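Worksheet: the structure to be examined is printed underneath.
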Amino acid sequence: MSLTPIGEPRHKITTATIREKKLHHDPITCLTAYDYATARLVDEAGIDIALVGDSLAMTMLGYENTLSVTVDEMLHHVKAVRRGVKDALLIADMPYGSYQADPNEAVHNAARFVKEGGAEAVKMEGGEKRVDVIRRVMDAEIPVAGHIGLTPQSVNMMGGYKVQGKTLNAIEQLMRDAVALDRAGVACIYLEGIPREVAAMITAEVETPTIGIGAGPDCDGQVLVFHDLVNLTFGHPAKFVRRYGDAAALITQSVLAFKADVVSHQFPNDSESYHLPKETQAALETVLHRKQALRR
Ligand code: KIV
């Protein structure tokens, strides 16, 4: 059995494991991962869920929001993450437009994430109104993660990235959404950008594990965007982000040091260079001497 860097045993995490974790009040950990390197680091640290979030549209591809990323672009990243993840449950985000219009197309796209990408579940945004398509995808034997609250694919409908569930009507709708997803049997429900009191009520009401981002501490688990965690996002972080490291500073420092060493001829040095075998060196010198003698 392999161990995390701090010596904890690692096990394969499945949708059943995260359900059990809720039952035992054992917090569920989730981070986004977008490529082989981040996937390995997240997996080897023993994080339960590696989520290939469509947030990669911004963090990896530099788009303004999540709306333009395509199934093929997402798949490219899911495949890389699959190669880096061994134990974590691998969930792939269904991008905007890949599941809203037609349930057959939704099943087809979800199956691509499983067959071609190696995902073990897919995530779709939306509650009550998404239940029919979620059931269709689950009928195709593909576990689905729900996602309600501040759903970034609805940015234009919400009129910006605004905390949801702040009025009694909005709370009622969120509860209906959560209960509908729970009854449909989703693997977990991501709760994003809602007051902690509402997230606590939902978490107590549903049997499905809830995973919060900007939803307070009472969810069954927590997720952060990897680039937020390590400061690679270039902007002011949202209120809910806790930065655990400063990769931007580390990378900038390393890049500047490399540049300075190259321009001052400090890099590479002799021990960082390959050398000819002694016999070849001697033979080469003989050849060079002969050539010089002939020129004289
Ligand atoms: O795309 C993403 O990273 C997400 C998480 C923030 C839940 O959906």
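The opening residue of the sequence shown carries number 2 in the working numbering; numbering runs sequentially from there. All C-beta atoms, glycine included, are put in the ideal place defined by N, C-alpha and C. As the structure is a prediction and not an experimental result, all values here were calculated from the model.
Span of the alpha helix (DSSP H), counted from its first residue to its last, around residue i
i	result
Gln267	Taken as a continuous stretch (DSSP letters only), Gln267 belongs to no alpha helix (DSSP H), as it is neither H nor E.
Leu289	Lys279 to Arg296
Tyr37	Tyr37 to Glu45
Thr204	Arg197 to Glu206
Met316	The shown model of the chain, from 2 to 297, leaves out residue 316, and the question about it has no answer.
Check: residue i C-beta below 7 Å from any heavy atom of ligand 1
i	result
Ile214	yes
Val226	yes
Asp55	yes
Thr253	no
His148	yes
Tyr162	no
Glu193	yes
Thr33	yes
Asp36	no
Leu175	no
Asp271	no
Leu52	yes
Asp94	yes
Pick from the options that is closest to residue i, judged by C-alpha positions
i	options	result
Ala248	Ala283, Thr39 and Asp27	Thr39
Ala205	Gly85, Met176 and Gly215	Met176
Ile92	Leu151, Glu74 and Thr15	Thr15
Asp183	Arg131, Thr33 and Arg297	Arg131
Leu230	Val187, Thr60 and Val156	Thr60
Ile48	Glu280, His148, Ile29 and Gly8	Ile29
Tyr64	Ala216, Thr234, Lys279 and Thr33	Thr234
Gln223	Lys22, His12 and Ala171	Lys22
Asn157	Tyr100, His228, Gln101 and Asn66	Asn66
Ala200	Gln165, His228 and Phe227	Gln165
Ala216	Val242, Val207 and His12	Val242
Thr5	Ala17, Val43 and Ile19	Val43
Ser155	Glu126, Val180 and Val134	Glu126
Gln209	Tyr275, Pro104, Ser99 and His148	The question names Gln, yet the displayed sequence has Thr at residue 209. Of the listed residues, the one whose Cα sits closest to Thr209 is His148.
DSSP three-state assignment for residue i, whether helix, strand or coil
i	result
Leu151	coil
Val226	coil
Val180	helix
Ile19	helix
Ile14	coil
Ala261	helix
Glu9	coil
Ile143	coil
Thr211	strand
Thr33	strand
Extent of the continuous beta strand (DSSP E) run through residue i
i	result
Val231	Segment: none, Val231 is in no beta strand (DSSP E) and carries neither H nor E.
Ile135	Premise fails: Ile135 lies in the alpha helix (DSSP H), Val132 to Asp140, not in any beta strand (DSSP E).
Leu192	Cys189 to Glu193
Exercise. Which whole runs of the beta strand (DSSP E) in the region 38 to 124 are 3 residues long or more, in chain order?
Worked result: 50 to 53 and 90 to 94
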